[in-house]
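J.:
Residue numbers (UniProt numbering), protein chains in the order written: chain A, 1 to 550; chain B, 1 to 318.
Rendered as structure tokens:
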């Protein structure tokens with residue numbers, strides 16, 4: 001496959017600069033890349049590694065505020081760095097196509113899906129509108145979208161996320177390009193939905209013998225998709241090798257550390273027994289609704305002091321709504337919430353300060369959960385002042401103490417603002433803010449899903465240390481079963497607002513499972529490159545779409 | 001479609017409620033003005049008896065709330081009472097003037113709205129080029145110049161020095177439509193200059209605001225040419241803010257034209273209002289204010305409905 005003639009894309013010493021703080025700073029420092037016809041190359045690395053930037057550069061495209069400052073990009077004998085913009089445009093969509101991370105944001109909300117699909121073929125006069133529509137429907141069928149004849153005539157908001165992502169892959173295929181750039185196409189999806197998209201992408205790339213660059217931060221995913229893997233760090237190549245070799249025998253320390261991330265595991269605790277054992281939080285038969293839409297149906301579970309209960313389920317299953325009921329943000333329509341055996345008023349407005357203090361929250365997006373215009377000292381100090389009545393020097397020493405706890409040096413961070421911090425540091429501040437109230441129970445709502453794996457691991461270790469130190473109870477909302485495996489004591493599985501199964505972690509991870517738990521567990525990608533193939537065979541290819549569309 | 005109808009009716013109801021509140025404000029604001037209406041009508045020389053008699057006749061002795069209800073009931077049937085100065089029915093005095101103002105506003109809007117949206121799209125496409133900068137400076141200049149100043153400049157160059165258009169926009173009944181258009185061109189042009197800048201800049205901003213969206217990047221990565229990215233992919237999503245600013249400017253064309261009408265001696269409702277205030281002709285002041293308020297509310301309602309109709313999520317529910 002690697003005869004010289006087959007080379008489709010050859011990037012040498014690529015340098016890209018980004019404009020920030022009034023100057024151009026190099027963000028990609030001389031990366032080489034060779035891609036043959038029909039080959040799939042996986043680009044992996046943490047955020048800031050330059051994966052997307054390199055992927056876009058392969059189309060001769062630089063985002064606003066970025067520029068290609070050096071090196072060569074040769075696509076099928078054409079030097080893209082010197083090609084005029086109008087000729088580059090003629091390549092895009094026709095010979096090189098792009099599949100974006102969030103299909104929901106990347107489809108134009110104002111136009112029907114099929115009109116966006118046929119835009120490129122009509123523009124390049126490859127097909128007339130009717131032909132292009134026929135072709136689109138055939139591609140929809142190949143990608144196993146439901147109602148392929150009709151789904152294209154809907155608007156993007158009328159179609160689910162997983163279906164949109166497949167429709168976007170179909171759109172990329174519209175002109176039968178030689179190369180497709182997949183930029184984290186499944187990152188925003190649930191594990192169950194991810195599988196069908198992965199399978200669909202792999203099939204169609206095989207069928208048309210399309211070359212692809214597959215960008216992701218998820219090793220297990222790239223293992224299923226790529227022939228070759230290239231690891232990037234801060235705009236530089238770490239190493240490149242065929243997939244099997246890379247997985248079995250990574251050479252560089254950095255790659256090994258990426259591979260090892262999922263190994264963190266803390267010993268599982270058992271809930272206390274005996275007549276004195278009172279759960280710190282007890283959710284008893286709650287129903288909840290947004291307007292006329294019922295989202296929770298008879299949800300019950302207990303959380304004991306010092307334990308971590310993971311609440312898992314797909315997006316929209318009611319995990320966060322349960323948290324809103326516990327904190328009193330959304331009063332349940334039925335059932336009750338107990339803290340330490342005491343019934344809580346359903347609305348937070350009716351709870352006393354002491355009741356409010358006991359349950360705190362840490363959010364998924366530290367970016368939006370912290371006010372960018374307020375100093376760290378005040379963000380952390382405010383709850384300490386509000387609940388603890390601390391002032392002046394006492395308040396300052398409490399804030400310093402909290403900063404120490406989250407391993408941020410007080411002298412350096414005390415008077416800084418959130419935008420100056422990295423994602424992991426912001427999440428630590430979020431944790432300190434929750435701790436400041438001296439709670440006995442913290443709800444962690446997808447606290448690691450926006451973070452890179454190495455950073456996420458640091459956060460999990462911190463949470464674990466704090467739990468041991470203060471005997472905290474956590475309700476850990478997540479869709480990531482790897483996280484559950486590493487830190488949970490008990491697991492509650494929620495599907496469409498109902499608890500389908502709950503119990504200690506070890507029991508939950510050993511069969512027999514409830515069918516839904518089984519679907520969730522088996523959908524988590526594994527590092528084995530044959531995992532997807534084996535799984536598809538086990539499930540029988542045809543019912544994948546249905547399994548995840550329910 | 002039923003949802004949209006319900007939404008529109010709800011907005012309409014809210015608009016009527018707002019109008020009701022405004023009517024209270026107008027009535028009692030006029031009520032708070034110092035001085036006695038009967039005294040003002042009769043002048044300094046009137047005897048206390050005649051003043052008292054007139055007060056009785058005008059119903060001024062009744063409590064304010066009662067008079068308000070009386071006025072409101074009249075207003076609902078289109079009867080705003082009688083002018084204190086001329087004794088003419090307020091409705092009759094206002095109707096002709098209001099039609100003139102509407103005509104001038106329509107004239108200006110028909111020119112200004114398409115021009116500003118097209119220009120806005122063009123400057124968004126050519127953003128940060130010389131054309132964009134020049135357009136920016138020019139529109140800023142026209143926005144910051146007072147309209148009476150613009151009016152006089154236009155009179156100086158297009159009427160006095162070159163004699164293309166009449167300096168005074170007086171109307172007579174026997175004019176043809178073409179004559180009418182020619183005679184009112186200068187005031188209309190003045191208004192166009194004042195409102196175009198605002199609408200154009202908003203169109204540009206609304207479009208540029210969207211250019212960082214993932215779907216715009218997607219369009220570019222599909223090889224869609226720049227003009228099509230703007231017109232086909234950005235503009236359809238930018239309508240809501242554009243429609244809002246257009247509605248705001250249309251309202252200005254009706255309620256804010258006082259100065260232009262004065263400069264060109266145009267017989268519109270603005271001039272009538274100024275005269276009425278000077279002469280303490282309260283029924284006319286109240287009626288004009290109510291019409292202005294209704295115009296604002298109606299146009300904002302239209303903007304809301306427009307924004308709803310251009311939002312695919314509302315137009316095509318799940």
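Built from N, CA and C at the ideal position, the CB exists for glycine as well.
The structure displayed is predicted, hence computed values, not measured ones.
Roughly how many angstroms separate the alpha carbons of residue 259 (chain B) and residue 107 (chain B), rounded to a whole number?
T.: Rounded to whole angstroms, residue 259 (chain B) to residue 107 (chain B) spans 17 Å at the Cα level.
J.: Based on Cα-Cα distance, which residue from A:195, A:177, A:231, A:406 lies nearest to residue 126 (chain A)?
T.: Residue A:177 is the option with its Cα nearest to residue 126 (chain A).
J.: Is it buried or exposed, residue 277 (chain A), if we count other Cβ atoms within 10 angstroms and call 16 or more buried?
T.: With fewer than 16 Cβ atoms within 10 Å of its Cβ, residue 277 (chain A) is classed as exposed.
J.: Under 8 Å: do the stretch 103 to 113 of chain A and the stretch 127 to 135 of chain A share three or more Cβ pairs, one atom per stretch?
T.: Not touching, per the Cβ criterion.
J.: Excluding five sequence neighbours on each side, which residues of the same chain lie with their C-beta closer than 8 Å to the C-beta of residue 295 (chain A)?
T.: These residues qualify, in order along the chain: 288, 289, 318, 321, 497.
J.: What number of angstroms, rounded off, separates the C-alpha of residue 375 (chain A) from the C-alpha of residue 414 (chain A)?
T.: Roughly 8 Å between the two C-alpha positions.
J.: What is the rounded straight-line gap between the Cα of residue 312 (chain A) and the Cα of residue 429 (chain A)?
T.: So the two alpha carbons sit approximately 25 Å from each other.
J.: Would you be able to state if there are at least three C-beta pairs under 8 Å between the stretch 108 to 118 of chain A and the stretch 146 to 166 of chain A?
T.: Touching, per the Cβ criterion.
J.: Quick check: does the Cβ of residue 436 (chain A) come within less than 7 Å of any heavy atom belonging to the ligand NAP?
T.: With respect to small molecules bound, the structure shown includes none, and the ligand NAP cannot be examined in it.
J.: I'd like the list of long-range same chain contacts for residue 526 (chain A), defined as Cβ closer than 6 Å, with 5 residues on each side in sequence excluded.
T.: So the list reads 220, once near-sequence residues are dropped.
J.: So with CB distances below 7 Å, who are the chain A contacts of residue 222 (chain B)?
T.: Within 7 Å Cβ-Cβ: 92, 93, 119, 120.
J.: When Cβ atoms are compared, which residues of the stretch 104 to 119 of chain A fall closer than 7 Å to chain B?
T.: Those residues of the stretch 104 to 119 of chain A that come within reach of chain B (Cβ to Cβ, closer than 7 Å) are 105, 106, 107, 108, 109, 110, 119.
J.: If you run the structure through DSSP and keep just helix, strand and coil, what is residue 293 (chain A)?
T.: Of the three classes helix, strand and coil, the one that applies to residue 293 (chain A) here is strand, per DSSP.
J.: For the structure I just gave you, are there three or more beta carbon pairs, one from the stretch 488 to 506 of chain A and one from the stretch 81 to 92 of chain A, closer than 8 Å?
T.: Result no; under three Cβ-Cβ pairs closer than 8 Å.
J.: Give me the chain B residues within the contact set of residue 165 (chain A), using Cβ-Cβ distance strictly less than 9 Å, ordered along the chain.
T.: Ordered by position in chain B, no residue passes the 9 Å Cβ test against residue 165 (chain A), which lies about 13 Å from the chain.
J.: What separation, rounded to the nearest whole angstrom, lies between the Cα atoms of residue 292 (chain A) and residue 333 (chain A)?
T.: Near 11 Å, if we compare the C-alpha coordinates of residue 333 (chain A) and residue 292 (chain A).
J.: Is there a C-beta anywhere in chain A that falls below 8 Å from the one on residue 225 (chain B)?
T.: Yes, because at least one Cβ of chain A sits closer than 8 Å to the Cβ of residue 225 (chain B).
J.: Just to confirm the assignment: which complete beta strand (DSSP E) runs, minimum length 3, are found wholly within the stretch 138 to 206 of chain A?
T.: 179 to 183, all fully within the stretch 138 to 206 of chain A.
J.: Closest Cβ-Cβ distance between residue 266 (chain A) and chain C: below 8 Å?
T.: The question asks about chain C, but that chain is absent: this structure's protein chains are A and B.
J.: Do residue 35 (chain A) and residue 213 (chain A) have their CB atoms nearer than 8 Å?
T.: Taking 8 Å as the Cβ cut-off, residue 35 (chain A) and residue 213 (chain A) qualify as a contacting pair.
J.: Whole-angstrom Cβ separation of residue 483 (chain A) and residue 460 (chain A), contact assumed at under 8 Å?
T.: Contact holds; Cβ gap of about 7 Å.
J.: Residues of the stretch 301 to 318 of chain B in Cβ contact with chain A at a cutoff of 9 Å, in chain order, please.
T.: The stretch 301 to 318 of chain B vs chain A, Cβ under 9 Å: 310, 311, 312, 313, 315, 316, 317, 318.
J.: From the DSSP output, read off the bridge partner residues of residue 67 (chain A).
T.: Residue 67 (chain A) is bridged to A:17.
J.: Below 8 Å on the Cβ atoms is my contact criterion, and I expect residue 230 (chain A) with residue 236 (chain A) to pass it. Report the Cβ-Cβ distance as a whole number of Å.
T.: Their Cβ separation, rounded to whole angstroms, is 11 Å, which puts residue 230 (chain A) and residue 236 (chain A) out of contact at 8 Å.
J.: Give a yes or no on whether the C-beta atoms belonging to residue 182 (chain A) and residue 201 (chain A) are separated by under 8 Å.
T.: In this structure, residue 201 (chain A) lies closer than 8 Å to residue 182 (chain A) by Cβ.
J.: Between the alpha carbons of residue 263 (chain B) and residue 275 (chain B), how many angstroms are there, rounded?
T.: The alpha-carbon atoms of residue 263 (chain B) and residue 275 (chain B) are separated by roughly 14 Å.
J.: Evaluate contact between the stretch 264 to 278 of chain A and the stretch 406 to 423 of chain A, counting only Cβ atoms and requiring at least three cross-stretch pairs below 8 Å.
T.: The answer is no - the stretch 406 to 423 of chain A does not touch the stretch 264 to 278 of chain A, with fewer than three Cβ pairs under 8 Å.
J.: Measure from the C-beta of residue 237 (chain B) to each C-beta in chain A and report whether the shortest distance is under 8 Å.
T.: Judged by the 8 Å Cβ criterion, residue 237 (chain B) is in contact with chain A.
J.: Any residues in the stretch 47 to 59 of chain A with a beta carbon nearer than 7 Å to a beta carbon of chain B? Which ones, in chain order?
T.: Within the stretch 47 to 59 of chain A, the residues whose Cβ lies closer than 7 Å to some Cβ of chain B are 59, listed in chain order.
J.: If you follow the beta strand (DSSP E) that residue 265 (chain A) is part of, which residue opens it and which one closes it?
T.: Segment: none, residue 265 (chain A) is in no beta strand (DSSP E) and carries neither H nor E.
J.: For residue 535 (chain A), does the count of other Cβ atoms within 10 angstroms reach 16, so buried, or fall short, so exposed?
T.: Buried, since its Cβ has 16 or more Cβ neighbours within 10 Å.
J.: Looking only at its chain, what residues have a beta carbon closer than 7 Å to the beta carbon of residue 54 (chain B), apart from the 5 residues adjacent to it on each side?
T.: Only 38, 41, 42 meet the Cβ criterion.
J.: In the structure shown, what three-state DSSP assignment does residue 97 (chain A) receive?
T.: Residue 97 (chain A) falls in the strand class under three-state DSSP.
J.: Would you mind reading off the limits of the alpha helix (DSSP H) that contains residue 431 (chain A)?
T.: 423 to 435 is the span of the alpha helix (DSSP H), which, as asked, contains residue 431 (chain A).
J.: Considering Cα atoms alone, identify which of A:119, A:89, A:232, A:166 is closest to residue 41 (chain A).
T.: When each option's Cα is compared against that of residue 41 (chain A), the closest is A:232.
J.: For residue 254 (chain A), collect the residues of the same chain with a Cβ closer than 6 Å to its Cβ; drop the 5 residues on either side in sequence, then sort them by chain order.
T.: Same-chain partners within the cutoff: 233, 238.
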